[in-house]
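J.: There's a structure below that I have some questions on.
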Amino acid sequence: MSSAYINAIGIFLPGDPVDNDLALKILGPIDRKQNLLRRAALAKNGIRMRHYALDTDGNHKFTNSRMAAHAVENALMGSEIGGKSIELLCAATSQGDLMAPGFASTVHGELQIPATEIASFTSFCASGIMALKSAVSAIGAGEKRNAIVCASEFASRFLRAGYLNGADPSPDTEFLRWTLSDGAGAVVLEDQPNTNGQSIKVDFIDLVSYADSFETCMYGGGSRGPGGSIAMPWSNYPTLKEAVHAGAFHLKQDFELLENITPLGLKRYLELVESGKIDPFSIDWALYHFSSHHFREEMGRAAQRAGVSINQDKIFTNLYDKGNTGSASIYVMLEELFNGGRLQDGEKILIMVPESGRFIVSFIQMTVIGAATPLKQTVPSVDVIEKSETAYVEPIQSKEDLRASLVRRLTTVWLEFERQMHLVPVIERLNRGKLRQEDYQSLLRNLRQQVAEGARWIARAASNITADSFDMRSSFLRHAFEEHQDFLMLEDNYVSVGGRREDIVNAEKNIGSEALSAWMFHKSSCENPVDLFGAMFIIEGLGHRLAAKWGKAIQKQLDLDPDQVSFLLYHGENDDQHIDRMWDSLGSVDLTQRIVDDIVKTAKVTARLYRLQLEELDNL
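Written out as structure tokens, the structure reads:
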């Protein structure tokens, strides 16, 4: 396998930087309500400046293809490729200038380079990574000696007030108006590094789609139905006028679904860390594509809790003064580093690009080859924090290291459990807005037996925990006391939605409940069952992270009062305290690698059996 090297990078940012006030003038105001949303969006994303391929009158200054071509031309100016023919052109965007042909065709036409192989990639932020991976793979396989990869976005054309006046823009659309920006980036890839100057070797590209688990989050060209799915593509409307009036051509983003992007990004990051593919302590530069400052903070906190955070002084972003240029963002960031003379030979670069379209997470690791290049056309971002020169020395294994490893591994287990829960039929109906009252009754009836037994197996476990782990024993006893009557709320909820108390009290366990109950009593009967911490992590986490969400959705879909979903709402509000207390109690346990492994295994088994319980509703 050959290696692929980035030997030159070019960008094109149309026009002068546009501040938030000028952005309003260019895009145009809609109404007072939307202006409030504008202020909220800007406060959340932290963007101060961006670039638009529109003039102050809203006229197009460039096509999307022309911006991509400009970026390619700028990259070639800094390349040693000389008179060599370009063997492959990969082009990415969320929306080309035409519905057809593909974006690479129109970019090729703009470039007027000789005949070559092309490939078009259409998605949102991840399309730029798809294009790069295709080119890297072609060079790695020895099929090509060089390639051009470009990504470009012209989002502002879809965000003008005049474009949106055909229908009342949703808050989701209005938020995007103040997040998305225009611009393009391109790289020259070759199978050999530069003979003079610096190159960046692509170590690996990892890209995973989670479309099997979630509905579409960010989209254009359709309207969402009552169940949450894209019920009507624009082409299914009787007339084009009706499609326009319905807002089918507006860019939209479901912000409730969007909250899944950070857990998914963290999940894949932890998997790559645990597999040894990423060593967070060897990373010199971290380039994260965040659509908003909010997600930067959220991801940072999550990674810190898992013990795999990268020092803030190694994180590079220009979101705040370049805006979110979608598929081109990572090229715009990388160009500023590469052509800014900051990189040193041997340094490791980690890139993360999440996409909310239907949830894609991608990572790239690169290694700097050669001496730093002289300063070129870019200026430092006002947000860049200079990289620390202090070398990191990986600490020896300790109790703190084991605890951090446990956090990472349990987090990975939980995130996979949460993803799989979306595929459970009853939860899938709930997420689609199609839950029936009989579904809710079945859920309560099948949960009741397991919940009623919960305090019993927790108390049994406490009696078998040895004195040297007394904090955990105390935590278990307190937990059993607090939850031993929770099943009564389930019964009350069941009766309130038309069920009979005797039916829920006398209901049999389903197949999954039988398996889960047997497993929990088995583990709690073992000597010093501290590994039940893993089971509690899953069950209490479900209450903390999912119960309230489910409860509110059920309440809305079935038009219920809060006291008819009190069991779910209560656990959503209180289970976070239980989790915090469990983590505190773990301090009394003399952690070893074996104990950590056992906790993780118990969490995995519990997660699978809990899911089985919901999959097997009323299957006796």
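All the letters of the sequence shown, read from the start, carry residue numbers 53 to 672 under the numbering used here. Every residue gets a Cβ at the ideal spot worked out from N, C-alpha and C, and that includes glycine.
Go ahead and pull the three-state DSSP assignment for residue 230.
T.: Mapped onto the sequence shown, residue 230 falls at position 178. Looking at residue 230 - three-state DSSP - the assignment turns out to be coil, as it is neither helix nor strand.
J.: Residue 248 by DSSP, collapsed to three states: which one?
T.: The residue given as residue 248 occupies position 196 in the sequence shown. Residue 248: coil per DSSP, three-state reduction.
J.: Does the Cβ of residue 300 have 16 or more other Cβ atoms within 10 Å, making it buried, or fewer, making it exposed?
T.: Along the sequence shown, read from residue 1 onward, the residue named residue 300 stands at position 248. Burial call: buried.
J.: Relative to the alpha-carbon of residue 141, which residue among 130, 134, 308, 120 has its alpha-carbon at the smallest distance?
T.: On the sequence shown, residue 141 is found 89 positions in, with the first residue counted as 1. Nearest option by C-alpha distance: 120.
J.: Given that a residue counts as buried once 16 or more other Cβ atoms are within 10 Å of its Cβ, and exposed if not, what is residue 644?
T.: Against the sequence shown, residue 644 aligns to sequence position 592. Exposed: under 16 other Cβ atoms inside 10 Å.
J.: Quick one: residues in its chain with C-beta nearer than 6 Å to the C-beta of residue 186, no 5 flanking neighbours on either side, listed in chain order?
T.: To locate residue 186, count along the sequence shown from 1; it is residue 134. Excluding residues up to 5 positions away in sequence, 142, 171 lie with their Cβ nearer than 6 Å to the Cβ of residue 186 in the same chain.
J.: Where does residue 394 land, buried or exposed, given buried means 16+ other C-beta within 10 angstroms?
T.: If you number the sequence shown from 1, residue 394 lands on position 342. Residue environment: residue 394 is assigned as buried (16 or more neighbouring CB atoms within 10 Å of its CB, all protein chains considered).
J.: Whole angstroms are fine: how far does the CA of residue 237 sit from the CA of residue 245?
T.: Mapped onto the sequence shown, residue 245 falls at position 193. Mapped onto the sequence shown, residue 237 falls at position 185. Their Cα atoms are separated by approximately 20 Å.
J.: Please name the residue in 335, 314, 410 whose C-alpha comes closest to that of residue 463.
T.: In the sequence shown, residue 463 corresponds to position 411, counting from 1. With distances taken between Cα atoms, residue 463 lies closest to 314.
J.: Determine contact between the stretch 658-669 and the stretch 553-573, defined as no fewer than three beta-carbon pairs at a distance below 8 Å.
T.: Enough Cβ pairs lie closer than 8 Å, so yes.
J.: With residue 283 as the anchor, note down where its beta strand (DSSP E) starts and where it stops.
T.: Locating residue 283 in the sequence shown gives position 231, counting from the first residue. Segment 282-285, the beta strand (DSSP E) holding residue 283.
J.: Just the C-alpha distance for residue 368 and residue 340, rounded to the nearest angstrom, thanks.
T.: Position 316 of the sequence shown holds residue 368. Position 288 of the sequence shown holds residue 340. Roughly 7 Å between the two C-alpha positions.
J.: Consult DSSP for residue 681 and reduce its assignment to one of helix, strand or coil.
T.: Limits of the chain in this structure are 53 at one end and 672 at the other, which puts residue 681 out of reach.
J.: Is the stretch 62-74 close to the stretch 253-261, with three or more CB pairs under 8 Å?
T.: The count of Cβ pairs closer than 8 Å, one atom from the stretch 62-74 and one from the stretch 253-261, stays below three, leaving the stretches out of contact.
J.: For residue 136, which residues from the same chain have a beta carbon less than 7 Å from its beta carbon, with the 5 sequence-adjacent residues on both sides left out?
T.: The count along the sequence shown starts at 1 and reaches residue 136 at position 84. The answer, listed in chain order, is 198.
J.: Go ahead and label residue 327 buried or exposed: buried means 16 or more other beta carbons lie within 10 angstroms of its beta carbon, across all protein chains shown.
T.: In the sequence shown, residue 327 corresponds to position 275, counting from 1. When all chains shown are included, residue 327 counts as exposed.
J.: Among residues of its own chain, excluding the 5 on either side of residue 289, which ones have a beta-carbon nearer than 8 Å to its beta-carbon?
T.: Start at 1 with the first residue of the sequence shown, and residue 289 comes out as number 237. Cβ-Cβ distances below 8 Å link residue 289 to 295, 298, 300 in the same chain, with the five nearest sequence neighbours on each side left out; the list follows chain order.
J.: How is residue 437 classed by DSSP in three states: helix, strand or coil?
T.: Counting from one through the sequence shown, the residue named residue 437 turns up at place 385. Its pLDDT being 32, under 50, residue 437 is placed unreliably in this model, and the coordinates cannot settle the point.
J.: Rounded to whole angstroms, what's the CA-CA distance from residue 468 to residue 407? Just pull it up for me.
T.: Here residue 468 refers to the residue found at position 416 when the sequence shown is read from its first residue. Here residue 407 refers to the residue found at position 355 when the sequence shown is read from its first residue. Using only the alpha carbons, I get a separation of about 18 Å.
J.: Evaluate contact between the stretch 99-118 and the stretch 154-174, counting only Cβ atoms and requiring at least three cross-stretch pairs below 8 Å.
T.: A contact exists between the stretch 99-118 and the stretch 154-174.
J.: If we call anything under 8 Å between Cβ atoms a contact, is residue 529 one with residue 514?
T.: Against the sequence shown, residue 529 aligns to sequence position 477. Against the sequence shown, residue 514 aligns to sequence position 462. Against a cut-off of 8 Å, the Cβ pair of residue 514 and residue 529 comes out as a contact.
J.: Thinking C-alpha only, which one of 362, 541, 650, 355 is nearest residue 335?
T.: To locate residue 335, count along the sequence shown from 1; it is residue 283. The shortest Cα separation from residue 335 among 362, 541, 650, 355 belongs to 362.
J.: Take residue 657 and list the residues in its own chain whose beta-carbon comes closer than 7 Å to its own, dropping the five residues that flank it on each side.
T.: Here residue 657 refers to the residue found at position 605 of the sequence shown. Correct list, in chain order: 571.
J.: Going by beta carbon distance, what residues of the same chain come within less than 6 Å of residue 444, once the five residues before and after it are set aside?
T.: To locate residue 444, count along the sequence shown from 1; it is residue 392. Unreliable positioning characterises residue 444 in this predicted model, as indicated by a pLDDT of 32, which lies under 50. The coordinate reading is nonetheless provided below. The answer, listed in chain order, is 333.
J.: Please give me, in chain order, every unbroken run of the alpha helix (DSSP H) with length at least 4 that falls completely inside the stretch 291-362.
T.: Runs of the alpha helix (DSSP H) inside the stretch 291-362: 292-297, 307-310, 313-326, 345-357.
J.: Confirm, please, whether the CB-CB distance from residue 79 to residue 204 is below 8 Å.
T.: Position 152 of the sequence shown, counted from the start, is the residue given in the question as residue 204. Position 27 of the sequence shown, counted from the start, is the residue given in the question as residue 79. Cβ distance not < 8 Å, so residue 204 and residue 79 don't count as in contact.
J.: Would you kindly work out how many angstroms separate the C-alpha atoms of residue 617 and residue 546, rounded to a whole number?
T.: Sequence index remark: in the sequence shown, residue 617 carries index 565 (1-based). Sequence index remark: in the sequence shown, residue 546 carries index 494 (1-based). Between residue 617 and residue 546, the C-alpha separation is close to 9 Å.
J.: Might you give, ordered along the chain, the residues of its own chain that have their beta carbon closer than 7 Å to the beta carbon of residue 286, omitting 5 neighbours on each side?
T.: Position 234 of the sequence shown holds residue 286. Cβ neighbours of residue 286 beyond the five flanking positions: 273, 274, 295, 300, 301.
J.: Taking buried to mean at least 16 other C-beta atoms within 10 Å of its own C-beta, is residue 77 buried or exposed?
T.: Position 25 of the sequence shown, counted from the start, is the residue given in the question as residue 77. That one is exposed.
J.: Pull up the CB-CB distance for residue 183 and residue 123, whole angstroms please, since I reckon it's below 8 Å.
T.: Position 131 of the sequence shown holds residue 183. Position 71 of the sequence shown holds residue 123. Incorrect: roughly 13 Å between the Cβ atoms, too far for contact.
J.: Are residue 623 and residue 586 closer than 8 Å when you measure CB to CB?
T.: Stepping through the sequence shown from its first residue, residue 623 is reached at position 571. Stepping through the sequence shown from its first residue, residue 586 is reached at position 534. No, Cβ-Cβ distance for residue 623 and residue 586 is not below 8 Å.
J.: Tell me the DSSP secondary structure of residue 58 in three-state form.
T.: Position 6 of the sequence shown, counting from 1, holds the residue named residue 58. Correct three-state label for residue 58: strand.
J.: Buried or exposed: residue 418, going by 16 or more other Cβ atoms within 10 Å of its Cβ?
T.: The residue you call residue 418 lines up with position 366 of the sequence shown. Buried is the call here.
J.: Which first and last residues belong to the alpha helix (DSSP H) in which residue 609 is found?
T.: Counted from its first residue, the sequence shown places residue 609 at position 557. From DSSP, the alpha helix (DSSP H) with residue 609 extends over 600-610.
J.: Which runs of the alpha helix (DSSP H) fall wholly inside the stretch 95-144 and span at least 4 residues, in chain order?
T.: 116-129
J.: If the criterion is Cβ atoms closer than 8 Å, does the pair residue 42 and residue 621 meet it?
T.: A question about residue 42 goes unanswered here, because the residues of the chain that appear run from 53 up to 672.
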